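What follows is a set of notes on a single structure, which appears directly below.
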Amino acid sequence: MNEQVTVALARWQDQVFDLLRRHGVTQFAYVPDAGHTILIDRSIADQEAYSIALTTEEEGVALLAGADLGGARGVLLMQSSGVGNCINMLSLINAGRFPFLTLVSMRGDFGEGNPWQYTMGQAVVPVLQAVGVTCLRADTPDEALAAVSAALTMVFQARQAVAVLFTQKLLGAKRF
Amino acid sequence: MSSFKGESSHTPIFELDRREALPALIGRHEDFLIVAGLAGTARDIAALTQNGANGFAMGGAMGGACMIGLGLALAQRDRRVLVVTGDGELLMNVGALATIALMNPPNLSIVCVDNGHYGETGYQKSHTSLGTDLEKMALGAGIKLTRTVERAADIPSGAQFLRQGNGTVFLLLRVHTGEPPVYKRIWDPVANRTQFQAGLLGK
């Protein structure tokens, strides 16, 4: 990745973080992931927000339900492989009509070189839809900002469960 | 404080009756926002609070109770949050203890009602009947304030321990396999959430 691309990447992800904070998101839960580095680092640096490192992504699903019970807003940052770890816990979101926002950095789609990533990467959309989570894809920085903005309204006004998928067209495929 | 203090050969004592020990341990339940696990602990808390607005009980999504408690504790720093869950429910997502230890909110207490069995599915033995010690796992996860209560004499100091304000508390309550109270709990999670939020947030 050259320097110019890195700068462009930093700009839109910083904007996503600022957008989340402006909408009152205070709990940032994640399993460490290269695609979400900027959001994770911004959450660690933010003294007004909680940065919550998880051992598995499903913990984040339950955490966000607890946040809502207490009147707070959160987001789960994960990679596509982590979606598979969340499925049964999403019963809590679906059955309890809890608001749920996740940003998913995609692997196993556009230009992926690691065969291990394809199973979950290709399963993300059908599996999430099967448990009541609406998926919004973002292939460009503009689409990413628009999708996160739309998702914030869908989740916190309409109590929907929404996943914004940051595709490998947007993030670039990891080199091996 | 740990109860084992080098007693590597301590044999767990599953003697207390949950219907007496848990209410005695919790005391005034209104002091807490309570998240209950599945099955037995959902009935324990439904009976104790009379399905009160300070309780939210799981009916599925096994393994989520402790993390709901963490999200709630971070959202409500001025309120004391109590998670009451069973050994089976906790074992399903035991890594959550490590996540909770990292955050260490001082307003969060976890009580694991450990009867060493999966009561809801026919009382098969759980790992805690067979050598797993969840207090040691909590300690190993990094939770500094841990304790095991397995005798009636331990309950009063256990009740005080739950109300400590120095960090997240983990208390393992060992009980026998007697049934939880017979009480009609709330099964609809939307109704339960709505009642809880109305009580806490006025919405």
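First to last, the protein sequences are chains A and B.
Counted the way our numbering counts, the first sequence spans residues 42 to 217.
Counted the way our numbering counts, the second sequence spans residues 2 to 204.
Glycine residues also receive a C-beta, built at the ideal position from the N, C-alpha and C atoms.
If you're wondering where the values come from, they're calculated on a predicted model, not measured in any experiment.
Cα separation between residue i and residue j?
i	j	result
A90/A	H128/B	37 Å
G132/B	L95/A	27 Å
P13/B	E151/B	8 Å
R78/B	P182/A	36 Å
T194/A	G101/A	20 Å
V196/A	L61/A	12 Å
D109/A	G72/B	8 Å
A106/A	K137/B	28 Å
I27/B	M93/B	24 Å
L75/B	Q68/A	8 Å
Q54/A	P73/A	16 Å
A113/A	G89/B	29 Å
P182/B	M119/A	40 Å
Y184/B	R175/B	22 Å
N167/B	I81/A	27 Å
L169/A	A153/B	47 Å
Does the Cβ of residue i have 16 or more other Cβ atoms within 10 Å, making it buried, or fewer, making it exposed?
i	result
H118/B	buried
R83/A	buried
E153/A	buried
Q158/A	buried
A199/A	exposed
I85/A	exposed
G162/A	buried
V191/B	exposed
E21/B	exposed
L23/B	buried
Is the shortest distance between the beta-carbon of residue i and the beta-carbons of chain B less than 9 Å?
i	result
I93/A	yes
G101/A	yes
R62/A	no
T143/A	no
G125/A	no
A199/A	no
R83/A	no
R148/A	no
R138/A	yes
Grab me the residues of residue i's own chain with a C-beta within less than 7 Å of its C-beta, minus the 5 sequence neighbours each way, in chain order.
i	result
L188/A	According to the sequence shown, residue 188/A is Ala rather than Leu. For A188/A, where only same-chain residues beyond five positions count, the Cβ hits under 7 Å are L177, A179 and V205.
A192/A	L142, L177, V203 and V205
P157/B	none
R44/B	P181, P182, Y184 and R186
G76/A	Q120, S146, F207 and L212
V95/B	M138
What are the residues that DSSP puts in a beta bridge with residue i?
i	result
M119/A	V145/A
R178/A	L206/A
L83/B	I35/B and S110/B
A70/A	I93/A and L117/A
F57/B	V36/B
D183/A	Per DSSP, none; premise fails for D183/A.
H30/B	Looking at the DSSP assignment, H30/B forms no beta bridge with any residue, so it has no partner.
Q170/A	Paired residues: none, contrary to the question.
Q51/B	Answer is none; Q51/B lacks a bridge partner.
G149/B	The identity of residue 149/B in the sequence shown is Thr, whereas the question assumes Gly. Partner(s): L173/B.
D115/B	R175/B
L17/B	V176/B
K126/B	H118/B
Which same chain residues end up closer than 6 Å to residue i when comparing Cβ atoms and leaving out the 5 residues on each side of it in sequence?
i	result
F171/B	I111, A139, I144 and T147
T97/A	N126
F139/A	A106 and D109
Q196/B	A54
H30/B	L49 and T50
H64/A	L193
S122/A	M161
Once the 5 residues before and after residue i are set aside, which same chain residues still bring their CB inside 8 Å of it?
i	result
G178/B	First, the amino acid is wrong: residue 178/B is Thr here, not Gly. Correct list, in chain order: F15, N116, G117, H118, G120 and Y124.
G87/B	G38, L39, A40, G41, T42, C113, V114, D115, N116 and G120
F5/B	Bear in mind that a pLDDT of 48 at F5/B, under 50, signals an unreliable position, so the model cannot answer this.
E184/A	R178 and L211
9 Å is my cut-off, CB to CB: does residue i come that close to chain A?
i	result
F57/B	yes
V36/B	yes
T205/B	Summary: the structure shown does not reach residue 205/B, with chain B confined to residues 2 through 204, and so no result is reported for it.
V191/B	yes
N116/B	no
A47/B	no
M138/B	no
G143/B	no
A99/B	yes
N94/B	yes
I69/B	yes
R194/B	yes
A74/B	yes
F33/B	no
What in chain C is Cβ-close to residue i, meaning under 7 Å?
i	result
S132/A	Looking at the structure shown, chain C is missing, and the protein chains on hand are A and B.
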